[in-house]
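Chains as they are written, first to last, in my numbering: chain A, 598 to 1267; chain B, 1233 to 1464; chain C, 21 to 337; chain D, 153 to 638.
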Amino acid sequence: MIASLSSPLPDCLALVTAWLAIGIAGLARPRSVRYAGRTLFVVGALVALALAATAVWSLIGGATQSMVLPIGLPDLPFHLRLDPLSSAFLLLLGAAAAGVSLFSAGYFRDSDGMAPGLLCLQYHVFLASMGLVLLANDAYAYMVGWELMALSSYFLVTTQHRIAEIRAAGFIYLLMAHVGALAILLAFGILQGGSWQFTFDAMRAAHLSPAWAAGAFLLALAGFGAKAGLVPLHVWLPEAHPAAPSPVSALLSGVMLKTAVYGMLRVAFDLLGHPVWWWGLVPLAAGLLTALYGVVFAAVQTDMKRLLAYSSIENVGLLFTGLGLAIVFYGTSMPALAALALLATLYHSLNHAAMKSLLFLGTGSVLHATGQRNLGRLGGLIHRMPWVAGLTLVGTLALAGLPPLNGFVSEWLLLQSFLFADQIPRAFVDLLIPLGAAVVALCAALAGYVMVKFYGVIFLGQPRESSLAHAHDCSLLERVGLGWLAALCLALGLAPAQVVSALTPVTRQLTGSATAQGASWWLLAPVPARAVSYAPLLFLLAGAAVVALTVLLVRLFYHRRVRHARPWDCGFGEVSPRMQDTAEGFGQPIRNIFQSFFAIERELPTPFDAAPRYRIAIHDRIWLGIYQPIAGWVRRLADVVAGLQQGRIAAYLLYSFATLVLLLAVVLAT
Amino acid sequence: MSSSAAREKVVTDIPLDQQLLNACAALLLLLSFAMLSQRRIVSLVSLLAVQGAVLAAATLLIAWRTGEGHLYFSAALTIALKVAFLPWLLHRLIRRLQVYWDTEPLLNISATMLTGIVIVVFAFGLAQPITHLASTATRDAIGIAVAVVLLAFLMMITRRKAMSQVIGFLSMENGLFFGAMSATYGMPMVVELGVALDVLVAVLVLGVFFFQIREQFDSLDLHHLERLSERR
Amino acid sequence: MRPGPIVAQALEIAVALAAAPLFLGWVNQCRAWLANRGAPSMLLPYRNIRKLFHKDAVLAENASPLFRIAPYIVFGTMVVAAGIIPSLAGRLPLVVAADAIALVGLFATARVFLSLAAMDVGTAFGTLGARREMMIGFLAEPALLMVIFVASLISATTALPAISAHLASERFTIDPSLAFIGVAFTLVLLAENARIPIDNPATHLELTMIHEAMLLEYSARHLALMEWASALRLFNYACIGFALFVPWGIAARDIGPFGLTLSIPVLALKLAAAGGGLAVIETVSAKLRIMRAPEFLASAFLFAVLGLLVHVLLGGA
Amino acid sequence: MIALSFLLGMPAMGAIVLSYCGARREAPEINAAFSLGTFAAACVLASRVVGHGADLLWREEFFIDPFNVFLVALTAFVGLTTALFSRPYMRVEAAHGKVSPGRLRLYHSMYQLFMLTMLTALTTNNMGLLWVAMEGATLSTVLLVTLYRTPQSLEAGWKYFILCGVGIAQALFGTILLYFAAEKVLGAQGVTALLWTHLDAVKSQLEPAVLALAFVFLLVGYGTKVGLAPLHSWLPDAHAEGPTPISAVLSGLLLNVALYAVVRCKVLVEGSLHSTLPSRMLIGFGLLSVVVAALLLMRQRDIKRLFAYSSIEHMGLATFAFGLSGPVATFAALLHMTVHSLTKSAIFFAAGHAAQKAGSQLMDRIRGLLTLSPTVGWGLMLGALAILGLPPFGVFASEFLILTTAMREQPWSIPILLAALAVAFAAIFGRVQPMVFGETEGRRLPHAPALLPVFAHLAIVLLLGLYIPPYLADWYRAAAHLIGGP
């Protein structure tokens, strides 16, 4: 049936290649902002839109297509495949990249450390490599795309390479990415199952013993977890995301993290075929831990991009929670529920792509306008930057998980799927998993806290620095980019039924089942047996009607007189910006309540200090407790080995001699 | 065990040439031990020359016994290179560079000797499977060849002077040559020539080296050459 | 849709709008009585609101549009919530729009806007109030969600009318977990509505106040809407409590005139009792230091989680 | 036949010619011209093999089969590009007064001689000649390592000489044992008993006990030249202290050829032993080398030393892969040899320029290359990323195959490999990044770097990562078949 249609896979391939071409075209005039920045990025955005459209079309078609390219290894040319799962993530890529590219077209300046042409190349290679990851149907193509993605994004992260911290961030990023990639590679090594065919088709057909299969699953989880920022493999994320230019942070957070989710879904449901239920407990537990860890750390950050980065960790945690839940359900023969949990994961991936990209772009505009990332030096920007403030508010509310925006929908779906966890026919597990719902609820509420802090400190209140008075709103292209993403947030929030039905082919592909969808186009009712429903449009209309009616009535019966005066503040005389809560202050309750999560380093002034200074630094216990000791061990081991290489030729001869004698002895013994 | 077996054979029906050959082998081993214990570099060179001479004698013996023409050539080469040229060159170098004594070796002499004996036992054990298979008259000498090689190795490890290390290296070459001789009556001619050429060039290069080292450090003591290391 | 349900829906909202200040007045009256003071009129909240509507609005110079919109949004969300919660009848048109989880989301929306508005002017008290409100929020919200979660597990749905219908039908077979979540819910209700022991609605003492601190910059009609919204919030919470714990008397199926006329007096009765109970709790407990508030709410959260465990352990099978 | 005479004759002539005129101003060009001639001959030879298949020449003393032909082509190619690179590089060294005209003559002459030994070692069918050529390779380069006559270079040269000399002596003993075993089967004519093709034909009849011992000697001998831990100690010193072009050819060619010798031996021994003992030894040496090199990488301060250790690591990986046996792993190992050789020499080119610009080989002194000279900076960065196994470069392709194979065949080795690769990555990348990126006080140097070799190599490595031409793939397959069995 697909053969008769003109085919979306070649179209996708062409679009991905077009990205590459755009990137290379950037080298033609590498120094020209107008050419490489303004023009090519807009073209790239159009390609992204086309890709999103193709993906939607393919998703609706619901069929699977594959092809083979004449490049790659001799026995392993690049295999490509477009199926509902990859279509869904291509849609995510295209939709988010469109907004980010438009924004970038207006964002990149000449002074950003790297020539615009090079940026353009790396940026579009990054996009194209993500496309390749999503289209790949063999391990080699997948890994090439995967590592290329890491590499190109590394260069983007280190755009401002003259700053030592940014270099350090780039280093740890690429290191973790590489180690993770090795783990994934090894997982593929298991998955090929002795057939030495590294195509995904062969892996689907391979039969693995339970131990091997579990090994592959866990390796894949480690690899993809490292890319996604799953605790304790998250350490690179809060360093790299803030270091990157904002549009890149947006792509990293919004899109690249999702490729890890894609990979995990691909391996667990597609390549392994029949995940065992207890496998799901690992991502479930890790996801819950990650979510809580991320959001708690987000709440105490003072750098706006770090805050968002930690919030990304939280959301990744939620994604893996949903994924784990889906595996548990699927493994215990409850495919319909697995489909529900999977739906929550997919939906949240889309949501997070839209809202986190939006927020990172918003911080980019703020950064350009003020030169500040530190929350302690921002404030009151809603007056100077109304566009950015307005559009960012949408993202903020969405990320806080408030109805009727999109963040709430996926949260709702996730909680709904948790509601069935007590039916899992495994003793004790049915008791433990519902507790996960409590963690999810806590994280969702904390996310609200974080977002109020984020928005309130940056945009509301009084400017904390006098220089902020010169802040300017963003350019037109940036507005368009932000607007596109905000519109996505709204659309995803208000039309859940449509999104769910579009995602149904994916859940059907992976679990063989699908969530039921009620007949009403405005009503999301995935579990008909339970008569639960959510209709954001109705909801919004009712709310809007009430508000409108209130405004109308108030004006009708009373008046609309307004006087302006100095803030009252309980009659306190002078109101200065320094009297507002700082970012540290806003995080104080969280610091107290979740004290055990942090390694806090405080510097408190004594009462007699002439110039009192209060400083607080919050460190990651995992970094201090796991990574630093490992580095220490390796260094000590290196010292030992280096001691053997001591410069004396007699010793070296002795090594040769000993080796010879040892090997001879071995041979004699056998 | 090998020595006792050999002795038994000596008493019985071993032909003279083979007895002579075994004597050569024993001599070689003895010379190796002598080199291991010798601290005077001039004497070391002399011992090396003697070792070369014994080697040449053994080669001639084998050549006479088997009638293989190329072995005569080999013997001639050995005499020219290892008895005449190399010792001459080394003596010249010693005189030019004024290095007559090695300093105290890294391992004291008696310990070195003890280790040497262990090595000889090991080498004989090692040679067992080869000896069993060899059809040559000289097969019992294979173990000795291995021992000579390993003893030269040991000597290189324990010495502190560049010069004595080189002598150890050449002694090792001798052991190898003897091994080839006793196991297979020598290698094909092309190879033999190549090996000889290599040894020659090696010694020439070494000579150049000595002058360079001497020029740089005013001594040939190896402790100058222990800077490049991974220790900090 | 037939006109019947829409009329019923409108009626429910109207009742909520009207009854909310009255309920607040009733609670205050009870408290005064219990404290042996002369009680103000039950209608005082109405008078206050009316007075405020008449006044000129005074805005801080640096207030942003967000500050002016917020009261309408907060008020609007509370009204919509009132339309969703089955206070009088079950199957009303708005009910399908949101289940209990969405309801929690709705409350969160109101809270976020309230806090953002409080931060807008940039005064010390505003931000302080916002921070404390969010702190209480992030602890109370999951507790409330857990309460609803347990109820949902019991009744296998998250739609509030269905939950209350299910609970109402389960006559006298009390699920032990309900006791736990009942306690949790009460604690959340107290915290979320700025009651003692977390907050004192009657004080403007800077160091202890939460809710009032956020409203300091508001005046006139904006303040009126905010006050009305908080009255509505209390009312909504009370009605959620009724739906979960005293689910009788709600017109589950029949939303005709008869069912409604029956359920209005029942609701009034429940409100009266609840107001009295609330006043008693507030009178006998002392205001907590703000640092203790997290412990208070954490215990609410833990009670709810315990309820969950008890349910899965005992009731689930 | 003629092509082979040219292949070996070109460098031989070059060595003679340059020993007379190697100090002239145009000597670098002459050097490059001879290398070009060699490369052309290699191309002709390769195309003949494509056309006619394997070939025995000159009374079977020399042969061309799929295994060595691609190494010949590779060697000639890297020889050519290194000659091109050394043109500006050595000029600058001479201009800085680091080398006198006499030494320049020695350098050029020995360079060609080294190429001759390499090509001889590759093309000879005679295991004895192979040994001679390997020893010749040491001798021709040892004086090049000490070209600068600094104390360090003398020390490095001495260690190189002694350790490799002793090592190779063991290989000679191994060869003797091999001959001894072969003589039994092939007769004592002494003509054919050392010819690899003949040995290969009768390998199953060779005496296993002798061959096992022979293999130990050969492995220790040639393994010293491969730089397998713990025999590797000479390698970093020699690489770091010699002139950069020599580091490039040592790393890119000598190690390959030594490994080639090991593998030739392994084929014979494994055929005789019918056991996996040789493979297990290779696996052990490979793993140990990877681990030791990775740990020592952590402590490097000298840029060339750093990449010398990286060579040990990669040779270890290739050895490991040969040890895994089987067509896939062997294919991967051959590919790894190729791409490592190309990448590493490219890195040495870039590192040489970088050190020249900074006036020091210490990495702490090399900063902000991207500002000083973007092309050198990018060359070094891309080269380092390539050698670290990031796609789409070819090293990734081979590591992909090696790791996936190891995962199935020797899963116990995986944690070790993984940890070592991670440590190596951190060590190298952590060093390269601040050299390429960051601020610098240095000024741009007037002379233009020789970038064609760097980017030509990287381009080929990139190509091999994405597309291996069919004839090359066929060679690899045929070679893998030859070595690893079906």
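By construction, the Cβ of each residue, glycine as well, lies at the ideal position given by its N, Cα and C atoms.
- Contact holds between the region 384-396 of chain D and the region 286-305 of chain D, because three or more Cβ pairs, one in each stretch, are under 8 Å apart.
- Going by C-alpha positions, LEU1260(A) is about 25 Å away from THR290(D).
- If you look at PRO85(C), you'll find it in the alpha helix (DSSP H) that goes 85-104.
- Closest option to ALA102(C), judged by alpha-carbon separation, among LEU289(C), TYR257(C) and ALA324(C): TYR257(C).
- Scanning its chain for C-beta atoms nearer than 7 Å, with the 5 sequence neighbours on each side dropped, one finds around ALA28(C) the residues ALA109, LEU112, ILE275 and LEU280, in chain order.
- Residue contact check for ASP1070(A) against chain C: no CB pair falls below 8 Å.
- Rounded to the nearest whole angstrom, the C-alpha separation of ALA774(A) and GLY714(A) is 25 Å.
- For LEU673(A), the secondary structure class from DSSP, reduced to helix, strand or coil, is strand.
- Contacts with chain B at 8 Å (Cβ-Cβ) include ARG301(D).
- Residue pairing by DSSP puts TRP1333(B) in a beta bridge opposite ARG1272(B).
- Listed in chain order, the positions of the region 46-76 of chain C with a beta carbon within less than 7 Å of a beta carbon of chain A are PHE73, HIS74 and ASP76.
- Counting along the chain, ALA1068(A) sits inside no alpha helix (DSSP H), nor does DSSP assign it H or E at all.
- Contact between the region 342-356 of chain D and the region 1414-1426 of chain B is present, with at least three C-beta pairs closer than 8 Å.
- As DSSP reads the structure, SER663(A) sits in a beta bridge with ARG678(A).
- In the structure shown, THR428(D) falls within a coil segment according to DSSP collapsed to helix, strand and coil.
- When DSSP reads this structure, LEU943(A) sits in no beta bridge, so it has no partner.
- For ILE1341(B), the enclosing alpha helix (DSSP H) has its first and last residue at 1341-1365.
- Here THR233(D) is not near LEU156(D), since their CB atoms are 8 Å or more apart.
- ILE464(D) sits in a helix when the DSSP states are folded into three classes.
- Looking at the DSSP output, LYS290(C) shares a beta bridge with no other residue.
- For chain B, the residues of the region 1212-1245 of chain A that bring a beta carbon within less than 7 Å of one of its beta carbons are ALA1239, GLY1240, GLN1242, GLN1243, GLY1244 and ARG1245, in chain order.
- Contact between LEU731(A) and SER683(A) is confirmed by a C-beta separation of about 5 Å, below the 8 Å threshold.
- The Cβ atoms of LEU975(A) and VAL1054(A) lie closer than 8 Å to each other.
- For ILE1311(B), the nearest beta carbon of chain D is not closer than 8 Å to its own beta carbon.
- Taking a contact as a CB-CB distance under 8 Å, the pair TYR1131(A) and MET154(C) does not count as one, their CB atoms being some 25 Å apart.
- DSSP places ARG241(C) inside the alpha helix (DSSP H), whose first and last residues are 240-265.
- Scanning its chain for C-beta atoms nearer than 8 Å, with the 5 sequence neighbours on each side dropped, one finds around TYR623(D) the residues VAL202, in chain order.
- Counting along the chain, the unbroken beta strand (DSSP E) around ALA77(C) starts and ends at 77-80.
- DSSP, reduced to helix, strand and coil, places LEU1121(A) within a strand of the structure shown.
- HIS945(A) counts as buried, since at least 16 other C-beta atoms from the protein chains shown sit within 10 angstroms of its C-beta.
- In this structure, the CA atom of LEU330(D) is about 7 Å from the CA atom of VAL362(D).
- For PRO1093(A), there are no C-beta contacts with chain C under 7 Å, since the nearest C-beta of that chain is about 11 Å from it.
- In the DSSP assignment, ILE1197(A) falls within the unbroken beta strand (DSSP E) covering 1195-1200.
- Apart from the 5 residues on each side of it in sequence, ALA1412(B) sits with its Cβ closer than 6 Å to the Cβ of GLY1418 and MET1419 in its chain, given in chain order.
- The residue among PHE1025(A), ILE763(A), PHE752(A) and SER843(A) with its C-alpha nearest the C-alpha of LEU716(A) is PHE752(A).
- Within the DSSP bridge table, the entry for LEU208(D) names PHE215(D) as partners.
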